[in-house]
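J.: Residue numbers (the UniProt record's numbering): 1 to 287. Think of the CB as a built atom: it goes at the ideal place given N, C-alpha and C, for glycine as much as any other residue.
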Amino acid sequence: MPVLNCSTKLLILEKMLKSHFPESLKVYGAVMNINRGNPFQKEVVLDSWPDFKAIITRRQKEAETDNLDHYTNAYAVFYKDVNAYRQLLEEHGVINWDQVFQIQGLQSELCDVSKAVADSKQVDVKLASFKAVCLPTVSTADTSFLMSSSLRLTYLSVADVDLLNQTWSRGGNEQCRRYITNLISCFPSVCVRDDKGNPMSWSMMDQFATMCHGYTMPEHRRKGYNQLVILTLARKLQSRGFPCQGNIVDDNTTSINLAKSIHGDFLPCRFHRLILTPPAFAGQVHP
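1) Cβ atoms of Leu-25 and Ala-54: under 7 Å apart, would you say?
2) Grouping DSSP H, G and I as helix and E and B as strand, with all else coil, what is Ile-103?
3) My output table needs one value for Asp-265: the three-state DSSP class, helix, strand or coil.
4) Rounded to whole angstroms, what's the CA-CA distance from Asn-67 to Cys-134? Just pull it up for me.
5) Grab me the residues of Ala-76's own chain with a C-beta within less than 6 Å of its C-beta, minus the 5 sequence neighbours each way, in chain order.
6) For Phe-271, which three-state DSSP category applies?
7) Where does the unbroken beta strand (DSSP E) through Asn-247 begin, and where does it stop?
8) Closest to Gly-264 by C-alpha separation, out of Cys-111, His-70, Leu-163 and Cys-244, would be which residue?
9) Taking 8 Å as the threshold, find out whether the stretch 150-161 comes into contact with the stretch 269-276 through three or more Cβ pairs.
10) Which residues does DSSP list as the beta-bridge partners of Trp-202?
11) My understanding is that Ser-201 touches Asn-226, with C-beta atoms under 8 Å, so please give their C-beta distance in whole angstroms.
12) For Ile-262, which option in Lys-115, Phe-21 and Val-138 has the closest C-alpha, if you only look at C-alpha atoms?
13) Which residue comes first and which comes last in the alpha helix (DSSP H) that contains Glu-174?
14) Which same chain residues, not among the five before or five after Tyr-71, have their C-beta less than 7 Å away from its C-beta?
15) Taking C-beta to C-beta, are Phe-266 and Lys-131 nearer than 7 Å?
16) By the three-class DSSP mapping on this structure, what secondary structure does Arg-170 have?
17) Answer with buried or exposed for Asn-165, where buried requires no fewer than 16 other C-beta atoms within 10 angstroms of its C-beta.
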């Protein structure tokens, strides 16, 4: 179980993962963030180097953690051989099975394999699956309709955390509040604010370089703010070399139609997120 902590090898790995798009996107995003300051204190575990068959990115062992915080206790997975992934899962010390955590990836077999290993440890698994989409290169975003108003196109602040925690479908708890605070502090975001400085529409990037929590306040919908925010954030990420990836719930027709209107590429693979809860924390976990 090599832990890849050599900066040169991590840069090589980043380039290697590009040849395995789109299935490697989540791990690729995590590795990119590691190579750009590692604000989320992540590390890479492989079955072997350089001819790896499975990769897991995880929180560094020395990083402070909350055993109920599955938002931060997050693993991204990519494998060339699903059996190698299973062996990593089963290997002692790779996964912290004594806390609530999540596993993310874009390969369908990871669900069955992860659940099988979790079942053997009597760990509960909740699976969510989404459409995965990537945006093409964005040259510009039309901001002309803001010019004649008092609205501002800016970024999120930690002062906005309570609002974001309340409006996120995955939020409403202290772990999510702390996680959003860290995302805002570490990664790019975009926000449209009204004349009083209140957020109207926004989106941000997560620890896997995924665009997330795209939201427009109900009273400001159908005015083009969501598209403006997404295209502006996409351009910002692309200027830093990040791929523009996102996940959409199957029945969210508004987001699906928006992605189509800006020529988003719906990937052949789906995004899978598993939340795993050991018996000691049953009934204490937020979705």
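T.: Once the coordinates are examined:
1) In the sequence shown, residue 54 corresponds to position 54, counting from 1. In the sequence shown, residue 25 corresponds to position 25, counting from 1. Contact flag unset, no.
2) Position 103 of the sequence shown, counting from 1, holds the residue named residue 103. It is a strand residue.
3) Counting from one through the sequence shown, the residue named residue 265 turns up at place 265. Asp-265 falls in the strand class under three-state DSSP.
4) Taking the sequence shown and counting its residues from 1, one reaches residue 67 at position 67. Taking the sequence shown and counting its residues from 1, one reaches residue 134 at position 134. Answer to the nearest angstrom: the Cα atoms are 32 Å apart.
5) The residue labelled residue 76 in the question sits at position 76 within the sequence shown. Here the set comprises Lys-26, Val-27, Ala-30, Thr-57, Gln-104 and Phe-208.
6) Against the sequence shown, residue 271 aligns to sequence position 271. In the structure shown, Phe-271 sits in a strand (DSSP, three-state: E or B).
7) What you label residue 247 is simply residue 247 of the sequence shown in a count that begins at 1. Start and end: 245-248.
8) What you label residue 264 is simply residue 264 of the sequence shown in a count that begins at 1. Nearest option by C-alpha distance: Cys-244.
9) no
10) Here residue 202 refers to the residue found at position 202 when the sequence shown is read from its first residue. Trp-202 pairs with Cys-191 and Tyr-215.
11) Taking the sequence shown and counting its residues from 1, the one referred to as residue 201 is at position 201. Taking the sequence shown and counting its residues from 1, the one referred to as residue 226 is at position 226. Indeed they touch by this definition, with Cβ atoms about 6 Å apart.
12) As a first step, residue 262 is located in the sequence shown; it is residue number 262 there, counting from the start. For Ile-262, the nearest C-alpha among the options comes from Val-138.
13) Numbered from 1 along the sequence shown, position 174 holds the residue referred to as residue 174. Taken as a continuous stretch (DSSP letters only), the alpha helix (DSSP H) holding Glu-174 covers 174-186.
14) Counting from 1 along the sequence shown, the entry for residue 71 is found at position 71. The answer, listed in chain order, is Gln-175, Cys-176 and Tyr-179.
15) As a position in the sequence shown, residue 266 is number 266, starting the count at 1. As a position in the sequence shown, residue 131 is number 131, starting the count at 1. Here Phe-266 is near Lys-131, since their CB atoms are less than 7 Å apart.
16) As a first step, residue 170 is located in the sequence shown; it is residue number 170 there, counting from the start. Shown here, Arg-170 sits in coil according to DSSP, grouped into three states, outside any helix or strand.
17) Along the sequence shown, one-based indexing puts residue 165 at 165. Burial call: buried.
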